[in-house]
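Trainee:
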Amino acid sequence: MLSVFIFVLGACVGSFLNVCIYRIPKGESIVFPRSRCKCGAQIPWFLNIPLLSWLLLRGKAHCCERSISARYFIVEILTATLFVIAFTTSDSLSNFFIGSGFCSLLLAIAFIDIDTMEIYDTMSVGGMFVGFVISLFFPEWHDEQSGISSLIKSLSGACLGSGLIFWIAVMGEMMLKKEAIGVGDIKLLGTIGAFIGWKGCLFSIFGGCLISTLIFLPSLLIWKLVKIKTFTIPRIIPFAPILVVGSITYVLYGQNLLGVLF
Ligand SMILES: [Zn+2]
12 MLSVFIFVLG
22 ACVGSFLNVC
32 IYRIPKGESI
42 VFPRSRCKCG
52 AQIPWFLNIP
62 LLSWLLLRGK
72 AHCCERSISA
82 RYFIVEILTA
92 TLFVIAFTTS
102 DSLSNFFIGS
112 GFCSLLLAIA
122 FIDIDTMEIY
132 DTMSVGGMFV
142 GFVISLFFPE
152 WHDEQSGISS
162 LIKSLSGACL
172 GSGLIFWIAV
182 MGEMMLKKEA
192 IGVGDIKLLG
202 TIGAFIGWKG
212 CLFSIFGGCL
222 ISTLIFLPSL
232 LIWKLVKIKT
242 FTIPRIIPFA
252 PILVVGSITY
262 VLYGQNLLGV
272 LF
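Residue numbers (our numbering): 12 to 273.
1. Does the count of Cβ pairs from the region 155–171 and the region 89–101 closer than 8 Å reach three?
2. Would you mind listing the alpha helix (DSSP H) stretches within the region 91–166 that are 4+ residues and don't spill past its ends, in chain order?
3. Can you tell me whether Ser-26 is buried or exposed? The criterion is at least 16 other CB atoms within 10 Å of its CB, across all chains shown.
4. Within its chain, find whatever has a CB closer than 6 Å to the CB of Lys-164; leave out the 5 residues flanking it on each side and keep chain order.
5. Who's in the neighbourhood of ligand 1, going by beta-carbon under 5 Å from any heavy atom, listed in chain order?
6. Below 8 Å on the Cβ atoms is my contact criterion, and I expect Ile-145 with Phe-177 to pass it. Report the Cβ-Cβ distance as a whole number of Å.
7. Is Leu-62 closer than 9 Å to Ile-41 when the C-beta atoms are compared?
8. Rounding to the nearest angstrom, what Cα-Cα distance links Ala-169 and Val-15 in this structure?
9. Take Leu-58 as the anchor and find which of Ser-115, Pro-44 and Cys-74 has the nearest alpha-carbon.
Rendered as structure tokens:
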């Protein structure tokens, strides 16, 4: 019963993330005005229910029959699922809220990066400072007893994470003779380090690449087999989604994964 409530909560947060993903790159407020269709008609609340509305309307707007991207649905169900997993793997309520909140921020960053190849400082640098404050006041998030040692873990995670990716970027640029990793990714690893420390950063980079390859290659094969012509392999692959896949995996299963590896 509680899981159903957590799932619904996650779907609502996912719905809010959709608003952020759509509006933040445009520099619009994420609070006002209420949601509108592309035709300009205001969307009434009963047609704006997470997951259900999209299913009931079968992806078509009620006012003008415009198709509504399946991505709205995907972001909502993804967030809802992450919330339920975070709830079952967290050992305390505060850790659940921190974990699911961090995953939500990462999801928004990843989808905005896919859309615009841009990571916004308000989210990455802002998120990093939120990570410091949370670490100070909720030491159990880092498995620490005192706020100070927890904050040190967070600060060192941010510095080491950013530093590591910076040097990977420098070497990548030397080898490829072009920019491989952007400044946005360096800042994003600061955020990731602030929340999950240097081990989490390492896992986000290498685990993220591994998991993304494991997801990407089979899907590429399926696309080839079913011959979807509209799909073309992007020339530049945004790095943030790869880091986000790694970070979220670490938040949800990190302790177990590290236990298996070491
Ligand atoms: Zn419309």
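All C-beta atoms, glycine included, are put in the ideal place defined by N, C-alpha and C.
Mentor: In short:
1. Touching, no.
2. Restricting attention to alpha helix (DSSP H) runs no shorter than 4 residues, the region 91–166 encloses them at 104–127 and 132–148, ordered along the chain.
3. Taking a 10 Å sphere around the C-beta of Ser-26, we find 16 or more other C-beta atoms and assign the residue as buried.
4. The answer, listed in chain order, is His-153 and Gly-208.
5. Answer in sequence order: Cys-48, Cys-50, Ala-52, Ala-72, Cys-74 and Cys-75.
6. Separation of the CB atoms of Ile-145 and Phe-177 is rounded to 24 Å, and the pair is thereby denied contact status at 8 Å.
7. No, these two residues do not count as a Cβ contact at 9 Å.
8. Each residue's alpha carbon lies about 35 Å from the other.
9. The shortest Cα separation from Leu-58 among Ser-115, Pro-44 and Cys-74 belongs to Cys-74.
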